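Protein chains in written order, with my numbering: chain A, 110 to 221; chain B, 8 to 121.
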């Protein structure tokens, strides 16, 4: 089993709809979870982080964490064409400055 | 802060040549990571340093790859000799101390070995 798994997509949603991106991880002791956005030809940039079970909202973005199910999700409300990018789920498996482990990413396409 | 700075942005080299990629982390960040990104394998960790000390280099694909961090503000990743299969985007990232801190990425070096 891969450490961090995501559907590669592409996930296509119409403008204004909700985009739902999912991620599962294998290490039950994982501490913190991150969603990065990567535009084509650019570097990953952080959009959300979450550490506790439940939901965390920031503008149009909501991250959801369920540690019992080892599941992280990102919801994007009122999707815009500018949200079209690859979304990378990253997991910090241990305490201290250990590397983030990344999924391969889900490519999102928002259709105007 | 200018963020994580990588150079060069693009590198085209011939097979067999030595390639050196450079990274300046964000000031105050004590961890530095080198990742490689390809379509097939995604973002793979090559090596990381804490407080300038290499902690885990198990992701380095072969002995042709080496990395150094002589001080807190500079790191290099060297490939010698380079091969076409090394073509990828190489990212450097840094993190500040703490369990819940994010990693900040440089703009990457796109390496093409012909």
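Note that CB positions come from ideal geometry on N, CA and C, so glycine has one too.
Everything numeric in this text was worked out from a predicted model, so none of it was measured.
Neighbourhood of residue i by C-beta distance below 7 Å, restricted to the same chain and skipping five residues each side
i, result
"residue 191 of chain A", "none"
"residue 43 of chain B", "51, 53, 95 and 97"
"residue 176 of chain A", "162"
"residue 189 of chain A", "124 and 219"
"residue 79 of chain B", "59"
"residue 169 of chain A", "185, 186 and 187"
"residue 62 of chain B", "55 and 56"
"residue 194 of chain A", "146, 147, 148 and 217"
"residue 71 of chain B", "86, 87 and 88"
"residue 33 of chain B", "8, 10, 11, 101 and 111"
Coil, strand or helix - residue i by DSSP
i, result
"residue 190 of chain A", "helix"
"residue 15 of chain B", "coil"
"residue 92 of chain B", "helix"
"residue 85 of chain B", "strand"
"residue 129 of chain A", "strand"
"residue 157 of chain A", "strand"
"residue 38 of chain B", "strand"
"residue 206 of chain A", "coil"
"residue 78 of chain B", "strand"
"residue 115 of chain A", "coil"
"residue 117 of chain B", "strand"
"residue 178 of chain A", "coil"
"residue 162 of chain A", "coil"
"residue 103 of chain B", "coil"
"residue 213 of chain A", "coil"
"residue 33 of chain B", "coil"
For residue j and residue i, believed in contact at Cβ under 8 Å, the rounded distance
i, j, result
"residue 156 of chain A", "residue 165 of chain A", "The pair is not a contact, with the Cβ atoms about 11 Å apart (cut-off 8 Å)."
"residue 119 of chain A", "residue 218 of chain A", "5 Å"
"residue 121 of chain A", "residue 213 of chain A", "Actually they are not in contact, since the Cβ atoms of residue 121 of chain A and residue 213 of chain A sit about 18 Å apart, beyond 8 Å."
"residue 11 of chain B", "residue 99 of chain B", "6 Å"
"residue 103 of chain B", "residue 37 of chain B", "7 Å"
"residue 152 of chain A", "residue 112 of chain B", "4 Å"
"residue 179 of chain A", "residue 133 of chain A", "6 Å"
For residue i, the residue or residues it bridges with in DSSP
i, result
"residue 61 of chain B", "B:56"
"residue 49 of chain B", "B:45"
"residue 167 of chain A", "A:170"
"residue 147 of chain A", "A:195"
"residue 139 of chain A", "Residue 139 of chain A pairs with nothing; no bridge assigned."
"residue 110 of chain B", "Bridge partners of residue 110 of chain B: none, in fact."
"residue 71 of chain B", "Residue 71 of chain B pairs with nothing; no bridge assigned."
"residue 220 of chain A", "A:123"
Cut-off 6 Å between Cβ atoms - residues of its own chain near residue i, not counting five sequence neighbours on either side
i, result
"residue 84 of chain B", "28, 41 and 74"
"residue 136 of chain A", "202"
Residues near residue i by beta carbon distance below 8 Å, same chain, minus five either side
i, result
"residue 161 of chain A", "174"
"residue 204 of chain A", "140"
"residue 18 of chain B", "26, 28, 116, 117, 118 and 119"
"residue 16 of chain B", "114, 115, 116 and 117"
"residue 113 of chain A", "132, 133, 134, 135, 198, 199, 200, 210, 211 and 212"
CB contact check: residue i to chain E, cutoff 8 Å
i, result
"residue 112 of chain B", "Note that chain E does not occur in the displayed structure, where the protein chains are A and B."
Could you say if the segment 20 to 36 of chain B and the segment 82 to 90 of chain B meet the contact criterion of at least three C-beta pairs nearer than 8 Å?
yes
Three or more C-beta pairs closer than 8 Å, one from the segment 190 to 207 of chain A and one from the segment 136 to 151 of chain A: is that the case here?
yes
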